[in-house]
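Worksheet: the structure to be examined is printed underneath.
Numbering (this note's numbering), first residue to last: 1 to 347.
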């Protein structure tokens, strides 16, 4: 079920700026059981929405590991996105105009604070499992650190404790592409769309790697001089994103990803990760160029009750969305490893 929570108070951001109020769009699936111990909370990645049944099939579905028959599944759209939660296309109550490029800076911690407001609104006091990949898992780390008693089981996929210079460089290249499109400065809903398409093309190179391009985009016609498969594929992916997203939300969420650093204003990485109390499964992907396995090794070294698994995939970072059979098996094994972890089901 798609719902919206209207938070009528001012919301203070980590930057010191303020939003006059919030709308938080979220999906729920299934029902909270009588013991309130079947909550599965999903944190989504960069351009996803609050419906994991759309973008994570094979892991979330009527017959999948996470299903509404057994679990109360919650996923909120991220602050700054364009799928219902307050973002750049929202109306600024102070000006009666959309924010667009004037939307304030949002950090991962701000996104987590919004999730926690929704949790309190829903009356959820314990989360059996929280799961997410990439930017979604960055949120989960922050939430575990700020509210360590809230979670029983945490599943972190393809993520890190601090966004890397490599990742920031990719994000800056995307921002440069968007802002090179001068329509970005028009502050209209279609502003910067050509730049957004180019940005998505850049991003895709970090999500995949050499092998999947060679496998799927190689030419069978050796006489070609131009209009190569890889070229049309990049344009197609750019157009797909333009049809469902906007440049202002994209930049907002790239900025949030760059802000991710669990040590900021804290003592040390060792101290911060030691705060996490949940049983934690950390999953990396062997071919991930954007969040390579050494970043998951670092998390496993610091989180006390954790286990680390690396899956083999030819899909690079996108493996966290596509390798659902491997993920299902790893998560099932994780739940079976201790009785305390066991996934709550009706059977």
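Glycine included, every Cβ here is placed at the ideal spot set by N, Cα and C. Just so you know, these numbers come straight off a predicted model, no measurement behind them.
Residue i, buried or exposed, once every other Cβ within 10 Å from all chains shown has been counted against 16
i	result
residue 185	exposed
residue 166	exposed
residue 243	exposed
residue 57	exposed
residue 190	exposed
residue 210	exposed
residue 35	exposed
residue 174	buried
residue 158	buried
residue 16	exposed
residue 45	buried
residue 123	exposed
residue 301	exposed
residue 257	buried
residue 128	buried
residue 345	The predicted model places residue 345 with a pLDDT of 43, which falls under 50 and marks its position as unreliable; any figure quoted below should be read in that light. It counts as exposed.
residue 347	Bear in mind that a pLDDT of 31 at residue 347, under 50, signals an unreliable position, so the model cannot answer this.
residue 180	exposed
residue 49	buried
residue 230	exposed
residue 125	exposed
residue 225	exposed
residue 94	exposed
residue 348	This structure gives no information on residue 348, because the portion of the chain shown stretches from 1 to 347.
residue 121	exposed
residue 90	buried
residue 236	exposed
residue 108	buried
residue 142	buried
residue 119	buried
residue 6	exposed
residue 327	buried
Opposing strand residues paired with residue i [DSSP bridges]
i	result
residue 356	The chain is shown only over 1 to 347; residue 356 falls outside these bounds and no answer can be derived.
residue 303	According to DSSP, residue 303 bridges with nothing at all.
residue 348	As shown, the chain starts at 1 and ends at 347. That puts residue 348 outside it, with no answer to give.
residue 66	60
residue 133	157
residue 18	12
residue 151	127
residue 296	Answer by DSSP bridge pairing: none, since residue 296 is not bridged.
residue 162	261
Contact check, residue i vs residue j, beta carbons under 8 Å
i	j	result
residue 47	residue 23	no
residue 380	residue 323	Nothing about residue 380 can be reported from this structure: the residues present for the chain run from 1 to 347 only.
residue 275	residue 148	yes
residue 295	residue 160	yes
residue 290	residue 317	yes
residue 350	residue 114	The displayed coordinates of the chain run from 1 to 347. Any statement about residue 350 would go beyond what the structure contains.
residue 178	residue 199	yes
residue 86	residue 76	no
residue 130	residue 151	yes
residue 27	residue 2	yes
residue 349	residue 248	The requested residue 349 does not occur in the structure, where the chain is confined to residues 1 to 347.
residue 330	residue 281	yes
residue 222	residue 82	no
residue 100	residue 171	no
residue 156	residue 168	no
residue 273	residue 303	yes
residue 14	residue 96	no
residue 38	residue 71	yes
residue 293	residue 310	yes
residue 253	residue 80	yes
residue 228	residue 219	yes
residue 73	residue 40	yes
Boundaries of the alpha helix (DSSP H) in which residue i is found, first to last residue
i	result
residue 169	165-180
residue 102	Premise fails: residue 102 is in no alpha helix (DSSP H) and is neither H nor E.
residue 52	52-55
residue 113	108-122
residue 96	Premise fails: residue 96 is in no alpha helix (DSSP H) and is neither H nor E.
residue 270	269-274
Host beta strand (DSSP E) of residue i (start-end)
i	result
residue 279	279-285
Tell me the start and end of each unbroken beta strand (DSSP E) in the region 182-263 that is at least 3 residues and wholly inside, in chain order. none
Can you list the alpha helix (DSSP H) stretches of 4 or more residues lying completely in the region 307-340, in chain order? 319-322 and 324-336
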